[in-house]
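Read through the structure below, which is laid out as structure tokens, and then see the notes.
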Amino acid sequence: MQKPEFTDEELMAYADGELPEDRAAALDLALMNSTDLTDRLALFMDTKAAAKEAMEPLLRQPVPDHLVETVRALSAADQQARMSSDDTVVAFPQDTAAPAQSPVWKLPLAAGLALAVGLGAGLMLSPDSSTGLGSIEIAALADTRIIAALDTLPSGEDVVLPDGARIAPIATFFDGARTLCREFEFDRADGTTVVSVACQRNGQWDVQMAIAAAAASDTGYAPASSLDTLDAYLSANDAGPPLDPDAEAAALSTLR
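For the sequence shown, numbering that gives the first Met the number 0 gives the first residue as 0, with consecutive numbering after it.
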């Protein structure tokens with residue numbers, strides 16, 4: 000009998016307790032007989048725990064005023080569009096209270112994946128030697144190959160490293176504090192993908208946030224769900240538009 004296969008989406012749903020009962024029961028049986036499947040599930044469970052630990056202190060902070068104003072502006076624009084399209088619409092007073100703050104770790108894992116924000120340090124994915132399960136470790140961004148790529152490689156290009164890993168800068172921009180930042184993707188040889196934002200601080204690249212996915216898609220890019228989380232982070236930090244090639248080259252030249 001052919002063993003059932005389980006997609007990453009199903010494993011993420013299982014980790015969230017949202018997998019249909021019949022598939023969850025089948026997965027329970029498969030986990031007892033497959034070390035590889037156990038390792039895959041462990042990665043998602045570890046990333047969910049890492050997201051909770053990284054975000055818990057931030058959840059005690061109030062929602063930034065500029066985000067509240069953005070939500071209100073979008074709501075007002077939507078209301079105006081509805082009124083313009085239908086003259087019979089009656090406008091009711093809108094509740095202007097600040098939007099509720101939902102705990103990040105209660106969001107579906109498929110939307111959050113592994114999230115580490117405000118680290119001021121690099122994110123390294125490695126196997127846990129004591130358990131053999133995938134885990135996340137936070138460490139200084141000391142990989143000279145990544146540093147060299149961030150210093151010199153234009154956005155839109157990539158480089159494949161001798162071990163089969165791939166690094167691809169996606170965009171270069173200035174954040175709200177006029178700090179030079181780069182969004183990049185790092186695909187490990189084992190299939191793990193990390194989408195990160197690193198900014199120049201005190202003459203070195205500091206990873207400000209990172210999103211880890213179990214594997215890149217067939218197109219070579221991280222799943223769209225991880226990019227939704229990235230977009231939310233960029234908005235919260237007033238990220239400017241991506242620099243054009245000439246402006247990017249000029250900005251990177253100051254690092255050398």
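Note that beta-carbon positions come from the ideal geometry of N, C-alpha and C, so glycine has one too.
In this text, all values refer to a predicted model and were calculated from it rather than measured experimentally.
Suppose you measure from the CA of residue 109 to the CA of residue 182; what does that come to, to the nearest Å?
Its pLDDT being 37, under 50, residue 109 is placed unreliably in this model, and the value from its coordinates should be taken loosely. So the two alpha carbons sit approximately 21 angstroms from each other.
Whose C-alpha, out of 187, 186, 188, 238, is nearest the C-alpha of residue 180?
238
Coarse secondary structure for residue 172, derived from DSSP in three states:
strand
Assuming residue 185 and residue 145 make a contact with CB atoms under 8 angstroms, what is their CB distance in whole Å?
7 angstroms
Considering only heavy atoms of the ligand ZN, does any lie closer than 7 angstroms to the CB of residue 156?
Of the ligands one can find in the structure shown there are none, so the ligand ZN has no counterpart to examine.
Whole angstroms is fine: what's the gap from residue 341's alpha carbon to residue 198's?
The structure shown does not extend to residue 341, since the chain is modelled only from 0 through 255, so no value can be given for it.
Grab me the residues of residue 44's own chain with a C-beta within less than 6 angstroms of its C-beta, minus the 5 sequence neighbours each way, in chain order.
Excluding its 5 nearest sequence neighbours in each direction, residue 44 has C-beta neighbours in its own chain below 6 angstroms: 14, listed in chain order.
Residue environment, residue 88, which counts as buried when at least 16 other CB atoms sit within 10 Å
Its pLDDT being 38, under 50, residue 88 is placed unreliably by the model, and the measurement read from it follows with that caveat. Burial call: exposed.
Report the three-state DSSP secondary structure of residue 195 (helix, strand or coil).
strand
Does the beta-carbon of residue 192 have 16 or more other beta-carbons within 10 angstroms, so that it is buried, or is it exposed?
buried
Rounded C-alpha distance that separates residue 71 from residue 176
24 angstroms
Kindly indicate which three-state DSSP category residue 187 falls into: helix, strand or coil?
coil
According to the Cβ coordinates, are residue 153 and residue 247 closer than 8 angstroms?
yes
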